[in-house]
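For the sequence shown, full-length UniProt numbering begins at 1 and goes up steadily by one.
The beta carbon of each residue, even a glycine, is placed where N, CA and C say it ideally should be.
Following: one structure in structure tokens, then a few remarks.
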Amino acid sequence: MTNFSSQPFSLQQQKQLALNITRVLSIYGYITDSYIIVSRFHNRSYSHVKAASCTLPLPFYTKLSLRQSFFTDGLWDTLPQSWQTVLADLPSAQLADLLLETGNTKEICYRSVWPLSLLAFKVTAHTLAFPRVAREAGNGMLEEFRHNHCQSAMLEPLLRRHVKPKKQHEIRRLGELVKKLSNVTGCDCIVDVGSGQGHLSRFLSFGLGLSVTAMEADEHLVTMATKFDQQLGFALQKERKKAMECLGGDGSHSLTLQVPRHVWGWVDPKASWEHFIIQLCKDQSLETHTYSKAITSPSQVAGLGSITPGQQRLACQGRTCTTDVEKDLPAVASETSVSKSHSKTTAELEVNGNRPASSLNQDGHRSWNGHSCPDNSRNSDIRRTSMLSNCYHIKQPCRPGPYFSPESRFVLTGLHACGDLSVTMLRHFARCPNIVGITSVACCYMKISTAETPVPPGVPRPRRFPEPAQSSEPGYPMSTWLAQLPGHQLSYKSREVACHAIEEYAERLRGKSTGLRSHCFRAVLETVIRGLDPSKKRLGVQTIRKAHELSFEEYARQGLARVGLDPNVPLDKASVEAMLSQEQNVVAFFSLALLLAPLVETILLLDRMIFLQESGFHCELLPLFDPKLSPRNLVLVAAKPTSATLTTDDLGTPRSTDNCRR
Numbered sequence: 001m002t003n004f005s006s007q008p009f010s011l012q013q014q015k016q017l018a019l020n021i022t023r024v025l026s027i028y029g030y031i032t033d034s035y036i037i038v039s040r041f042h043n044r045s046y047s048h049v050k051a052a053s054c055t056l057p058l059p060f061y062t063k064l065s066l067r068q069s070f071f072t073d074g075l076w077d078t079l080p081q082s083w084q085t086v087l088a089d090l091p092s093a094q095l096a097d098l099l100l101e102t103g104n105t106k107e108i109c110y111r112s113v114w115p116l117s118l119l120a121f122k123v124t125a126h127t128l129a130f131p132r133v134a135r136e137a138g139n140g141m142l143e144e145f146r147h148n149h150c151q152s153a154m155l156e157p158l159l160r161r162h163v164k165p166k167k168q169h170e171i172r173r174l175g176e177l178v179k180k181l182s183n184v185t186g187c188d189c190i191v192d193v194g195s196g197q198g199h200l201s202r203f204l205s206f207g208l209g210l211s212v213t214a215m216e217a218d219e220h221l222v223t224m225a226t227k228f229d230q231q232l233g234f235a236l237q238k239e240r241k242k243a244m245e246c247l248g249g250d251g252s253h254s255l256t257l258q259v260p261r262h263v264w265g266w267v268d269p270k271a272s273w274e275h276f277i278i279q280l281c282k283d284q285s286l287e288t289h290t291y292s293k294a295i296t297s298p299s300q301v302a303g304l305g306s307i308t309p310g311q312q313r314l315a316c317q318g319r320t321c322t323t324d325v326e327k328d329l330p331a332v333a334s335e336t337s338v339s340k341s342h343s344k345t346t347a348e349l350e351v352n353g354n355r356p357a358s359s360l361n362q363d364g365h366r367s368w369n370g371h372s373c374p375d376n377s378r379n380s381d382i383r384r385t386s387m388l389s390n391c392y393h394i395k396q397p398c399r400p401g402p403y404f405s406p407e408s409r410f411v412l413t414g415l416h417a418c419g420d421l422s423v424t425m426l427r428h429f430a431r432c433p434n435i436v437g438i439t440s441v442a443c444c445y446m447k448i449s450t451a452e453t454p455v456p457p458g459v460p461r462p463r464r465f466p467e468p469a470q471s472s473e474p475g476y477p478m479s480t481w482l483a484q485l486p487g488h489q490l491s492y493k494s495r496e497v498a499c500h501a502i503e504e505y506a507e508r509l510r511g512k513s514t515g516l517r518s519h520c521f522r523a524v525l526e527t528v529i530r531g532l533d534p535s536k537k538r539l540g541v542q543t544i545r546k547a548h549e550l551s552f553e554e555y556a557r558q559g560l561a562r563v564g565l566d567p568n569v570p571l572d573k574a575s576v577e578a579m580l581s582q583e584q585n586v587v588a589f590f591s592l593a594l595l596l597a598p599l600v601e602t603i604l605l606l607d608r609m610i611f612l613q614e615s616g617f618h619c620e621l622l623p624l625f626d627p628k629l630s631p632r633n634l635v636l637v638a639a640k641p642t643s644a645t646l647t648t649d650d651l652g653t654p655r656s657t658d659n660c661r662r
């Protein structure tokens, strides 16, 4: 078995941790189950905040009488009285330091004596949650952004184009991990599921020389990814030519010309792994239709389990996973035919009509390492490459990622695969003999299917794809053991809270952000809505921009209009002011919910770890990203049996459970 850590986290320990968390949530789960309403707020890197709300209707009043404690549900009164006493009107900065802080507690100074039950609640929540701080992050600014907050110093400049700092950090860290897993499994073929605009795929292929197939269900994103590949290829060729002219060298460069192959496809969470392989085998481009014609039904890939280890090594040998058919294919770029209007979008990388001479590394790939030429204007180069978006009918001097056959072996990866997509990836890994390794970073836990909600809300099926197959397997729980554990159920709202960014919120509390008042505004608005029309419960109110800069009267007018109610209804100003004066109590209650959020995420990921081990595979959970930059920072790593060993020292990060006391 592959060992991904120096300290084992046994299956029995995982089960005990899951059991302890279910016991805690059985007592305090009502806090995370309280309905939280999204109130989007644009402020620097904080994309949104959430606001506490209520559920019980009020009778209709011509002039609203809103004299209820926090507010229609009386959420504040659900807390123990001793908790209310110490948390009432507690300043935001102290909420962050006294409640949410997980670091050095010696410097914390309590202004009053906290009840033992609240202290035990805080310690228990911090103790049972997976540690989220990566070793590289430390306590200060990330080293890669120390000199420029917008550009990672550890990422090749050409790979930073079109990529925000958060994504730069993510693709570099995850890409390095995928490369390690590729070395361990001996397989250089990578499949990036939910690839979006292809930022991770480009780093894996151009940056690390891996053979990458990127699958994405959004045809527009596939088109954008292909265009960005072309721009990167052009810029790379220009730099090589410039180096040859200025320095008289061979124009070598740290990046390779290994181009990702883009596939327009949707991973049906209810379909079999055989169907997934069929999608990978189908060539969506205009270059070749060899495998799309050859592989048409699951019966043609059903016998893959009989492939021998020797055949597996052969299938993954080298960086291109070359097959007999592929050897005869021209070295051309992937042209993703997502629609007729985008059927020809390849890029010409030839200089003066000739293929450039370039050095070949030991794997037979072009690798341009060494020379560079000073550029008087880096921005001018960016402007030049941005003009390439309108270029068509152009060829690339390198071939895309592997053309899949039913025997192709690959490592599966997904960066923030949403909802059931991350679950489906793990099931495919466990059941499909083609997949030799996996790295899974999940998100959007509220979109996971459960026995109670087989079709989660807000998860539309992509257009132009067939209806999803029927399956009795929910996204949670995955493991047989957890499904039999009493009290394992997680509500939609608790899973939604698990998607929040506790580190970012703590920073906002310390900064006394004026945006925090939107919490209370939305909670009061819910009371107003419910008073006008008791049937309107938990409505999704469209974002009110700069809500914290508005008076509540103006906020209410805009909010009521968005839900189809009279925006000019008279309000009981005294009652409204009484509720608004409890703003800090709203923030405190929401902070308690965020304190429990990591426990919900922990049990969701424990379920996946236990599932993999029930299937016979070793796995590890690693805090890969800086949580202040990327809140969903835990990556689940697994590999099929191999003699190689991958330690956390190799990854430059501690395992997530090293400091997790159970």
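Quiz item: With residue 207 and residue 156 assumed to form a contact (beta carbons below 8 Å), what rounded beta-carbon distance in angstroms separates them?
Solution: 6 Å
Quiz prompt | Cβ pair residue 414, residue 449 closer than 8 Å | solution = no
Practice problem: On the DSSP bridge assignment, give the partners of residue 192 in chain order. | Solution: 214 and 413
Quiz item: Taking the runs of the alpha helix (DSSP H) that are 4 residues or longer, which of them lie wholly in the region 78-102?
Solution: 81-87 and 92-95
Quiz prompt | Distance between beta carbons of residue 273 and residue 432, contact taken as under 8 Å | solution = 4 Å
Practice problem: Below 7 Å CB to CB, which residues in the same chain sit around residue 14 once its five sequence neighbours on both sides are set aside? | Solution: 606, 609 and 610
Quiz prompt | Selected residue, minimal CA-CA separation from residue 187, among 240, 110, 210 and 596 | solution = 210
Practice problem: Give the range of the beta strand (DSSP E) segment to which residue 165 is assigned. | Solution: From DSSP, residue 165 is part of no beta strand (DSSP E) but of the alpha helix (DSSP H) over 165-185.
Quiz item: Under a three-way DSSP split, which group does residue 593 fall into?
Solution: helix
Exercise. Buried or exposed for residue 519, please, with buried defined as at least 16 other CB atoms from any protein chain shown within 10 angstroms of its CB.
Key: buried
Quiz prompt | Status (buried if at least 16 other CB within 10 Å, exposed otherwise) for residue 585 | solution = buried
Quiz prompt | For residue 262, the first and last residue of its enclosing beta strand (DSSP E) | solution = 261-264
Self-check item: Environment of residue 262 [buried if 16+ CB atoms lie within 10 Å]
Solution: buried
Quiz item: With 16 other CB atoms within 10 Å as the buried threshold, where does residue 144 fall?
Solution: buried
Exercise. Could you check which residue in 507, 510, 541 and 129 has the C-alpha nearest to that of residue 525?
Key: 541
Quiz prompt | residue 164 vs residue 629 beta-carbon contact at 8 Å | solution = no
Self-check item: Anticipated Cβ contact below 8 Å, residue 80 with residue 112, distance rounded
Solution: That belief does not hold up - the Cβ atoms of residue 80 and residue 112 are roughly 15 Å apart, past 8 Å.
Quiz prompt | Residues that residue 620 bridges to, as DSSP identifies them | solution = 637
Quiz item: Would you say the region 222-240 touches the region 421-437, given that touching needs at least three Cβ pairs under 8 Å?
Solution: no
Exercise. Determine the burial state of residue 12: buried for a count of at least 16 other Cβ atoms within 10 Å of its Cβ, exposed for fewer.
Key: exposed
Quiz item: Buried or exposed: which applies to residue 178, given that a residue is buried once 16 or more other Cβ atoms fall within 10 Å of its Cβ?
Solution: buried
Exercise. Give the range of the alpha helix (DSSP H) segment to which residue 480 is assigned.
Key: 480-483
Quiz item: Tell me which same chain residues have a C-beta within less than 6 Å of the C-beta of residue 225, skipping the five on either side of it?
Solution: 197, 198 and 262
Exercise. Could you pull out every residue in the same chain whose Cβ sits closer than 8 Å to the Cβ of residue 492, ignoring the five residues on either side in sequence?
Key: 446, 453, 456 and 457
Quiz item: Which ranges does the alpha helix (DSSP H) cover as unbroken runs of at least 4 residues, wholly within the region 479-523, from first to last along the chain?
Solution: 480-483, 492-497 and 502-510
Exercise. Could you tell me which residues DSSP pairs with residue 476 in its beta bridges?
Key: 450
Practice problem: Using DSSP bridges, identify the partner residues of residue 441. | Solution: 415 and 635
Quiz prompt | Alpha-carbon spacing of residue 632 relative to residue 259, whole angstroms | solution = 28 Å
Self-check item: Beta-carbon proximity list for residue 154, same chain, < 7 Å, skipping 5 on both sides
Solution: 144 and 172
Practice problem: Grab the span of the alpha helix (DSSP H) containing residue 680 for me, first residue to last. | Solution: Limits of the chain in this structure are 1 at one end and 662 at the other, which puts residue 680 out of reach.
Practice problem: Could you name the residues that DSSP lists as bridge partners for residue 435? | Solution: 410
Quiz item: So, helix, strand or coil for residue 543, using DSSP?
Solution: coil
Quiz prompt | Coil, strand or helix - residue 22 by DSSP | solution = helix
Quiz item: Are the Cβ atoms of residue 271 and residue 429 separated by less than 8 Å?
Solution: no
Quiz prompt | DSSP state of residue 72 mapped onto helix, strand, coil | solution = coil
Quiz item: Along the chain, where does the alpha helix (DSSP H) that runs through residue 279 open and close?
Solution: 273-281
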